[in-house]
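A.B. asks: Taken in order, these protein sequences are the chains called B and Z. All residue numbers for the first sequence refer to my numbering, where the first residue is 1 and numbers rise by one. All residue numbers for the second sequence refer to my numbering, where the first residue is 1 and numbers rise by one. Below is one structure. I have some questions about it.
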Amino acid sequence: MALDDTKKIKDFKVVGTRPNRPDGIDKVTGRARFGADMVAPGMLTGRILRSPHAHARILRIDTSKAEALPGVKAVVTRADFGDVPDHVADVMDNCMAGAKALYDGHAVAAIAANSAAVARKAIRLIEVEYEVLPHVTDVDEAMKPGAPVLHEGRQQETVPEGLSGNVIARSEFGHGDIEAGLKQADRVVERTYRTGATHQGYIEPHACLATMSADGQGDLWVCTQGHYMVRNVCAAILGMEQGQLRVTASEIGGGFGGKTVVFLEPVALMLAKKSGRPVKMVMSRSEVLRATGPTASSSIDVRIGMKTDGRITAAFAELRYQGGAYPGSPVDMGSMSAFAPYDLENVKTVGWDVVSNRPKAAAYRAPGAPMAAFAVESAIDELAKGFGLDPLAVRLMNGAKEGTKASYGPTYPAIGLMATLEAAHTHPHWTAPLGENQGRGVACGFWFNFGGDTCVSLNVTPDGTVTVSEGNPDIGGSRASMTMMAAEELGIPYDQVRTVIADTGSLGQNEVTDGSRVTFAVGLATIEAARAAKREMCKRAAMIWGIDADAVEWEDGAARPAGPNAGKFPPMTLKEIAAIASNTGGPIAGHHEVNAEGAGVSFGTHMVDVEVDPDTGATKILRYTVFQDAGRAVHPAYVEGQFQGGAVQGIGWALNEEYIYGEDGILQNAGFLDYRIPVASDLPMIDTVILEIPNPGHPYGVRGVGETPIVPPLAAVANAVSAAAGVRMTRLPMSPPRVLAAIQEAARG
Amino acid sequence: MVKVVLWGSLAESAEGAREVVVEAATLRALLDGLGEKFPGLRAELERGVSVSIDGRVYNDSWFTPIEPDSEVVLLKRLKGG
Numbered sequence: 001m002a003l004d005d006t007k008k009i010k011d012f013k014v015v016g017t018r019p020n021r022p023d024g025i026d027k028v029t030g031r032a033r034f035g036a037d038m039v040a041p042g043m044l045t046g047r048i049l050r051s052p053h054a055h056a057r058i059l060r061i062d063t064s065k066a067e068a069l070p071g072v073k074a075v076v077t078r079a080d081f082g083d084v085p086d087h088v089a090d091v092m093d094n095c096m097a098g099a100k101a102l103y104d105g106h107a108v109a110a111i112a113a114n115s116a117a118v119a120r121k122a123i124r125l126i127e128v129e130y131e132v133l134p135h136v137t138d139v140d141e142a143m144k145p146g147a148p149v150l151h152e153g154r155q156q157e158t159v160p161e162g163l164s165g166n167v168i169a170r171s172e173f174g175h176g177d178i179e180a181g182l183k184q185a186d187r188v189v190e191r192t193y194r195t196g197a198t199h200q201g202y203i204e205p206h207a208c209l210a211t212m213s214a215d216g217q218g219d220l221w222v223c224t225q226g227h228y229m230v231r232n233v234c235a236a237i238l239g240m241e242q243g244q245l246r247v248t249a250s251e252i253g254g255g256f257g258g259k260t261v262v263f264l265e266p267v268a269l270m271l272a273k274k275s276g277r278p279v280k281m282v283m284s285r286s287e288v289l290r291a292t293g294p295t296a297s298s299s300i301d302v303r304i305g306m307k308t309d310g311r312i313t314a315a316f317a318e319l320r321y322q323g324g325a326y327p328g329s330p331v332d333m334g335s336m337s338a339f340a341p342y343d344l345e346n347v348k349t350v351g352w353d354v355v356s357n358r359p360k361a362a363a364y365r366a367p368g369a370p371m372a373a374f375a376v377e378s379a380i381d382e383l384a385k386g387f388g389l390d391p392l393a394v395r396l397m398n399g400a401k402e403g404t405k406a407s408y409g410p411t412y413p414a415i416g417l418m419a420t421l422e423a424a425h426t427h428p429h430w431t432a433p434l435g436e437n438q439g440r441g442v443a444c445g446f447w448f449n450f451g452g453d454t455c456v457s458l459n460v461t462p463d464g465t466v467t468v469s470e471g472n473p474d475i476g477g478s479r480a481s482m483t484m485m486a487a488e489e490l491g492i493p494y495d496q497v498r499t500v501i502a503d504t505g506s507l508g509q510n511e512v513t514d515g516s517r518v519t520f521a522v523g524l525a526t527i528e529a530a531r532a533a534k535r536e537m538c539k540r541a542a543m544i545w546g547i548d549a550d551a552v553e554w555e556d557g558a559a560r561p562a563g564p565n566a567g568k569f570p571p572m573t574l575k576e577i578a579a580i581a582s583n584t585g586g587p588i589a590g591h592h593e594v595n596a597e598g599a600g601v602s603f604g605t606h607m608v609d610v611e612v613d614p615d616t617g618a619t620k621i622l623r624y625t626v627f628q629d630a631g632r633a634v635h636p637a638y639v640e641g642q643f644q645g646g647a648v649q650g651i652g653w654a655l656n657e658e659y660i661y662g663e664d665g666i667l668q669n670a671g672f673l674d675y676r677i678p679v680a681s682d683l684p685m686i687d688t689v690i691l692e693i694p695n696p697g698h699p700y701g702v703r704g705v706g707e708t709p710i711v712p713p714l715a716a717v718a719n720a721v722s723a724a725a726g727v728r729m730t731r732l733p734m735s736p737p738r739v740l741a742a743i744q745e746a747a748r749g
Numbered sequence: 001m002v003k004v005v006l007w008g009s010l011a012e013s014a015e016g017a018r019e020v021v022v023e024a025a026t027l028r029a030l031l032d033g034l035g036e037k038f039p040g041l042r043a044e045l046e047r048g049v050s051v052s053i054d055g056r057v058y059n060d061s062w063f064t065p066i067e068p069d070s071e072v073v074l075l076k077r078l079k080g081g
């Protein structure tokens, strides 16, 4: 189903408007129910004992004293889970350590008790005997021969012999001849860039409420980005049939990729199973930071050659990402996206997936791409400025367009990078004057976007209103956008449609809300479900009129006779058809199930002005503008919100945020006082410019918009800070001490 | 016959070929054909891949048709946040 199918839709009536948010009142009045808001009769409190060591062999766990404490109803260790299928083995081990604790905060045992006070006391009564092992938390250190090795036998066949066992995989992308290209260059920049591990910083900590009946049926209420994923993973870990576990997604207070995996849920279910009582578990902020899924930290070497006119002759990057204690850092995504915005004859990336004694990395908006863009866009900026060239003009000269062979392989269809660059180049921000100690930076970013398994059910009620059931938690406004697309397709007002998030018992499999897939894929399924309902309503009208169903068409919310031979009948509105549904065959519904493919890639360009205090090294963001291709902005206010949110998270990554480990391998800043994310008072209003280059793979031209906005800001801010401070910054975060040290070192020559 | 572009480290598992040719009219036949023709690719195929066909990325839709002149590129499995 392509855009061409709906070219007759010239003027959208609902799509592109800004109606009130369907969850707005609930959220501002506190009525919305998040993960920790659910209660059940007889509910117990679950709590987890976590490793105080970065790397330790677990020699013995004695839970007898805890079990004897009055009020304790269940104790769980890894032994309770037994063997689990291979595809969830790492997930299981991350949720509850087996032979070894692999990072500070790794879960070791769990308690369910009558009260939080009893649970806290019981946790302290569990005795764990550890053999403390050497640890490693830095990616470059972890790759060295002789580094402490976390796992044996996990290296893929892609890794050359002789490297540390922590090096799990190697990948390589690109085309052309790098060395030949570099020889053509008038200047080559070669630098190493480093980024710290950051956390998604979602406001709502992980929480769930699990029940398990004596007959083996389970129910789980949970804040997650994908309750179908939770069901499938938990069922595999607990040896349940998927149909016996019903998972309901709560309202979600942010995820950004961090809630695409399970942490508490299998443990809560096991505690519920052992105790026979509902068990609620809520993480503290410290637990969220220590033991959920931050992003990878990285170390990236870049070599880029450029002619004096700005043409890039060759581009190479070697990316090393540590993804925490288990294989699967997002280095592949970083390697494929690093040079994706450019049309390059000679390009190559090499990626290394490395494990270390940190919590297993989870996705974080466009996983792997922001750090790669930081390195590449910094080097391009340095080259452009070295030749005295306009950095945006250099990007316009080298930018990818339709027909460009992407650095990761495919040839691009219609894409929007050049539109974002041209919009940036002509925007007043680009030529606004700067003051002393101020600098301006620009950078581009890319994300793939994708679709995946999706089910939507659309039901017409007897009074002619419509309910859409979808299976993806609403993180970025999906209830509003699905409502709008259903209303658009049916030709009825926005307020006549309500979209709800169905539990896992109500729809078929739905992929996790990630990869900027939902507005694209669920939107596509919603439109098709509405079309199915329209076909049925046309059929019902045809029955009333006594004509063939093919002689009826749907237009402006009503069935109408189509063509000169169909007869002259007054249109039947949706409400009129719904009112007599029982008399014409029964309830009216439409549904659609699809593995949605054909998501269109997305590009953005960011521009930022900063001021650096030369005495303290502190950076203030003065002005920020996001330019991004949205395909079709279904609800522009939500699109702007995605742009702004991505920019702000990227600013935090660039300036403040970092997991800081001591020499003992213990996380030093496991709280929002010491791990500081940007707050509103730190920032100016983030301006946005939405470009709309329709995605030919979607009936309305929609592209995902949620991932790309976090890709350019690290580099854009770094380029601005480098300009303001007069020294090239190659390491994130650019905290005041780090910037001050760079300024002072540059002054010393 | 379909021409398939392999990324660098995958090419090393296909006897160094950056482009290979297999008989396939669908995505499933393509993946099966690659595994049969180049056993060294099987480990990566089993870990999961994405496939770009004429610029559109597909993950699991086995019966996606592939035209003989389609541009087909094997990609690392795409993951999002």
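By construction, the Cβ of each residue, glycine as well, lies at the ideal position given by its N, Cα and C atoms. Please read all numbers here as calculations on a predicted model, not as lab measurements.
Is there at least one Cβ from chain B nearer than 8 Å to Z:A14's Cβ?
C.D. replies: With 8 Å as the cut-off, Z:A14 does not count as an interface residue toward chain B.
A.B. asks: Quick one, which of B:P694, B:G491, B:P462 has its alpha-carbon nearest B:I580's?
C.D. replies: Considering only alpha carbons, the answer is B:P462.
A.B. asks: Taking C-alpha atoms, which residue in B:D83, B:G146, B:G71, B:A97 lies nearest to B:I111?
C.D. replies: Selected option, being the one with the closest Cα: B:G71.
A.B. asks: Does B:H227 come out as helix, strand or coil in the three-state DSSP assignment?
C.D. replies: Three-state DSSP puts B:H227 in a helix.
A.B. asks: Less than 8 Å between CB atoms is the rule here; does Z:D60 satisfy it with respect to chain B?
C.D. replies: Chain B contact via Cβ: present.
A.B. asks: Report yes if the C-beta distance between B:K797 and B:N114 is below 8 Å; otherwise report no.
C.D. replies: As displayed, chain B neither begins before 1 nor continues past 749, which places residue 797 of chain B out of reach and without an answer.
A.B. asks: Can you pull the chain Z residues whose beta carbon is under 9 Å from the beta carbon of B:S171, in chain order?
C.D. replies: What B:S171 touches in chain Z: W7, G8, S9, L10, K76.
A.B. asks: If you draw a straight line from the C-alpha of B:D514 to the C-alpha of Z:K79, how long is it?
C.D. replies: Taking the straight line from one Cα to the other gives about 8 Å.
A.B. asks: Buried or exposed: which applies to B:I25, given that a residue is buried once 16 or more other Cβ atoms fall within 10 Å of its Cβ?
C.D. replies: It is exposed - the Cβ of B:I25 has fewer than 16 other Cβ atoms within 10 Å.
A.B. asks: Can you tell which of B:R728, B:D629, B:A724 has its C-alpha closest to the C-alpha of B:P341?
C.D. replies: Considering only alpha carbons, the answer is B:D629.
A.B. asks: B:T426: buried (16+ other C-beta within 10 angstroms of its C-beta) or exposed?
C.D. replies: Per the 10 Å Cβ criterion, exposed.
A.B. asks: At a Cβ threshold of 8 Å, is B:D23 touching chain Z?
C.D. replies: B:D23 does not count as touching chain Z.
A.B. asks: Sort B:G323, B:G704, B:L383 by Cα distance to B:G305 and report the nearest one.
C.D. replies: Minimum Cα distance to B:G305 is reached at B:L383.
A.B. asks: What does B:T483 touch in chain Z if you count any residue whose Cβ is under 8 Å from its own?
C.D. replies: None at all; the shortest Cβ gap to chain Z is about 24 Å.
A.B. asks: Have a look at B:I527 and B:P19 and give me their C-alpha separation to the nearest angstrom.
C.D. replies: C-alpha separation (whole angstroms): 19 Å.
A.B. asks: Where B:L220 and B:V108 are concerned, what is the direct C-alpha to C-alpha distance, given to the nearest angstrom?
C.D. replies: For B:L220 and B:V108, the distance between alpha carbons rounds to 22 Å.
A.B. asks: What residues in its chain sit with their C-beta under 8 Å from that of B:G42, if we drop five residues either side in the sequence?
C.D. replies: Closer than 8 Å at the Cβ level, and outside the excluded window around B:G42, lie R277, P278.
A.B. asks: I need the straight-line Cα distance from B:S335 to B:G323, nearest angstrom please.
C.D. replies: Taking the straight line joining both Cα atoms gives about 14 Å.
A.B. asks: Measuring only between beta-carbons, confirm whether B:Y408 sits less than 8 Å from chain Z.
C.D. replies: Judged by the 8 Å Cβ criterion, B:Y408 is in contact with chain Z.
A.B. asks: What does the Cβ neighbour count give for B:N695, buried or exposed, with the cut at 16 atoms within 10 Å?
C.D. replies: Label assigned to B:N695: buried.
A.B. asks: Taking only three categories from DSSP, how would you classify B:S506?
C.D. replies: The answer is coil: DSSP assigns B:S506 none of H, G, I, E or B.
A.B. asks: Please state if the CB of B:S378 and the CB of B:Y193 are separated by a distance shorter than 8 Å.
C.D. replies: Yes, they are a contact pair.
A.B. asks: Do three or more CB pairs link the segment 19-37 of chain Z to the segment 645-652 of chain B at distances below 8 Å?
C.D. replies: Too few Cβ pairs lie closer than 8 Å, so no.
A.B. asks: Going by DSSP in three states, B:W221 sits in which element: helix, strand or coil?
C.D. replies: DSSP places B:W221 in strand when its eight states are reduced to three.
A.B. asks: Give a yes or no on whether the minimum CB-CB distance between B:S602 and chain Z is below 8 Å.
C.D. replies: No, its Cβ sits nowhere closer than 8 Å to a Cβ of chain Z.
A.B. asks: For chain B, find out if any of its Cβ atoms is closer than 8 Å to the Cβ of Z:G81; answer yes or no.
C.D. replies: Judged by the 8 Å Cβ criterion, Z:G81 is in contact with chain B.
A.B. asks: If contact is defined by three or more beta carbon pairs under 8 Å, each pair taking one atom from either stretch, is the segment 567-586 of chain B in contact with the segment 706-716 of chain B?
C.D. replies: The answer is no - the segment 567-586 of chain B does not touch the segment 706-716 of chain B, with fewer than three Cβ pairs under 8 Å.
A.B. asks: Can you list the residues of chain Z that B:A97 reaches, using a CB-CB cut of under 7 Å?
C.D. replies: By Cβ distance, chain Z contributes nothing, its closest Cβ being about 25 Å from B:A97, past 7 Å.
A.B. asks: With a threshold of 8 Å, are at least 3 pairs of Cβ atoms found where one atom belongs to the segment 712-720 of chain B and the other to the segment 652-667 of chain B?
C.D. replies: With the cut-off at 8 Å, the segment 712-720 of chain B and the segment 652-667 of chain B touch.
A.B. asks: Let me see if you follow: with CB-CB separation under 8 Å, is Z:A17 close to chain B or not?
C.D. replies: Output row for Z:A17: interface = no.
A.B. asks: DSSP three-state label for B:I778, please.
C.D. replies: Residue 778 of chain B cannot be examined here, being either before or after the span of chain B that is shown, 1 to 749.
A.B. asks: Could you name each continuous alpha helix (DSSP H) segment of 4 residues or more that falls completely within the segment 128-189 of chain B, going from the start of the chain to the end?
C.D. replies: List check, alpha helix (DSSP H) in window: 139-143, 178-184.
A.B. asks: Just the C-alpha distance for B:A375 and B:R738, rounded to the nearest angstrom, thanks.
C.D. replies: Taking the straight line joining both Cα atoms gives about 17 Å.
A.B. asks: Excluding five sequence neighbours on each side, which residues of the same chain lie with their C-beta closer than 7 Å to the C-beta of B:A272?
C.D. replies: Closer than 7 Å at Cβ, skipping near neighbours: A210, T211, M212, P278, V279.
A.B. asks: Which residues share a DSSP beta bridge with Z:L75?
C.D. replies: Answer is Z:S50, bridged to Z:L75.
A.B. asks: To the nearest angstrom, how far is the alpha carbon of B:I577 from that of B:A530?
C.D. replies: Near 15 Å, if we compare the C-alpha coordinates of B:A530 and B:I577.
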